[in-house]
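Here the sequence shown is numbered in this note's numbering, starting from 1317 and rising by one per residue.
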Amino acid sequence: MRPQRQKWFIPLGLLLLPHLLLANIQDASDEMTVISGSNVTLKISNVTHNYKQLAWFYNDNQKIVEQESKGPKYFKSQFKDRVRLGLDHTLFIYNVRKEDSSTYILKVLKESGKEISQYISLKVLDPVPEPVIKIEKIQEESNRCHLKLSCEIEGLSASWYGDSRPFPKEIHSNVLEITVNPQNYSKSYTCQVSNAVSSKNDTVYFTLPCTLDYGHCILLHSSQLTGHASPRLSCHHRPDGTVWRLATRQPSYHRHILRARKRKKHSPCPL
């Protein structure tokens, strides 16, 4: 019968060390979550030295390595050149992949003929991709500014922050739509996506009465510039010559961020 499993919580800072992480589980029937590309150590404590046979399994049927009198014997598997058995029966897996996720089994056959199985569950996750905030709408009305932002990330839910403070949990979606005024607004709005092993974010910056700054391109509501309902565009050059610009779509003031385009430094800002 399997012993009851216990949950282990690995510090996020440790998990985010790319390619250098060495995750270590020392008790039987544990579970761990790691980032793909890291190096993992699966260790069972208190393994008896008086045994007839010792082997690590990827699952109930696939054997990875078996300890023999002449040394370890490795079996054909997905772990070719990525696995090593240590002197203390620790299993080292290098450059782990998502398909390495499984419940690993250490089976020990004692001299008495009794077999003991101990389990470690491993879950491998890829780091989340970089999110991109898309400015769907910015409109000034009666000393208020209506903002609609979307966070383009496939397959993940976003969390939103205003000045590093989280919005209510019910706003945990890929769209943030709010109306702000001089008494109640944030200087920045951040979209964050995360999983158990990584976290990334994107931020836009807000200035009263109704201005958004994304990178080096500033979008002003039309009335701030001319007093008329005609869309306007302001964009800036980065030091490397990249230009960020925003396209407008009349008459709804929807703004869409276009991909950065390489241009020569000091070239005119395209309108």
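We put the CB at the ideal spot given by N, CA and C, even for glycine.
Please go through the same chain and pick out, in chain order, the residues whose beta-carbon is closer than 6 Å to the beta-carbon of residue i, but skip the five residues on each side of it.
i, result
"residue 1436", "1341, 1346, 1358 and 1420"
"residue 1446", "1516"
"residue 1388", "1381 and 1401"
"residue 1366", "1427"
"residue 1429", "none"
"residue 1410", "1355 and 1398"
"residue 1384", "none"
"residue 1468", "1448 and 1450"
"residue 1432", "1424"
What do you get for residue i, buried or exposed, if any count of 16 or more other CB atoms within 10 angstroms of its CB means buried?
i, result
"residue 1344", "Low local confidence applies: a pLDDT of 44 at residue 1344 is under 50, so the model's placement there is unreliable, with the coordinate-based value given in what follows. When all chains shown are included, residue 1344 counts as buried."
"residue 1480", "exposed"
"residue 1370", "buried"
"residue 1499", "exposed"
"residue 1457", "exposed"
"residue 1524", "exposed"
"residue 1405", "buried"
"residue 1504", "exposed"
"residue 1442", "exposed"
"residue 1518", "buried"
"residue 1427", "exposed"
"residue 1354", "buried"
"residue 1376", "exposed"
"residue 1506", "buried"
"residue 1403", "exposed"
Would you say residue i and residue j are within 9 Å of each other, going by their C-beta atoms?
i, j, result
"residue 1399", "residue 1381", "yes"
"residue 1374", "residue 1408", "no"
"residue 1463", "residue 1528", "yes"
Leaving out the 5 sequence neighbours to the left and right, which residues in its chain are closer than 8 Å to residue i when beta-carbon positions are compared?
i, result
"residue 1466", "1449, 1450, 1452, 1490, 1491 and 1492"
"residue 1460", "1495, 1496 and 1497"
"residue 1414", "1352, 1440, 1441 and 1442"
Just confirm the distance between the C-beta atoms of residue i and residue j, as a whole number of angstroms; I'd bet it's less than 8 Å.
i, j, result
"residue 1472", "residue 1444", "6 Å"
"residue 1510", "residue 1412", "At roughly 19 Å, the Cβ-Cβ gap does not stay under 8 Å, so residue 1510 and residue 1412 are not in contact."
Check the DSSP bridge columns for residue i and list the partner residues they point to.
i, result
"residue 1447", "Residue 1447 is not bridged to any residue."
"residue 1349", "1439"
"residue 1526", "DSSP output for residue 1526 lists no bridge partner at all."
"residue 1478", "1481 and 1505"
"residue 1512", "In the DSSP output, where bridge partners are listed per residue, residue 1512 has none listed."
"residue 1388", "1383"
"residue 1401", "1407"
"residue 1374", "Answer is none; residue 1374 lacks a bridge partner."
"residue 1457", "1460"
Give every residue of the same chain whose Cβ lies closer than 7 Å to the Cβ of residue i, excluding the five residues on either side of it in the sequence, and list them in chain order.
i, result
"residue 1378", "1393"
"residue 1502", "1478, 1479 and 1522"
"residue 1417", "1438, 1439 and 1440"
"residue 1363", "1405 and 1424"
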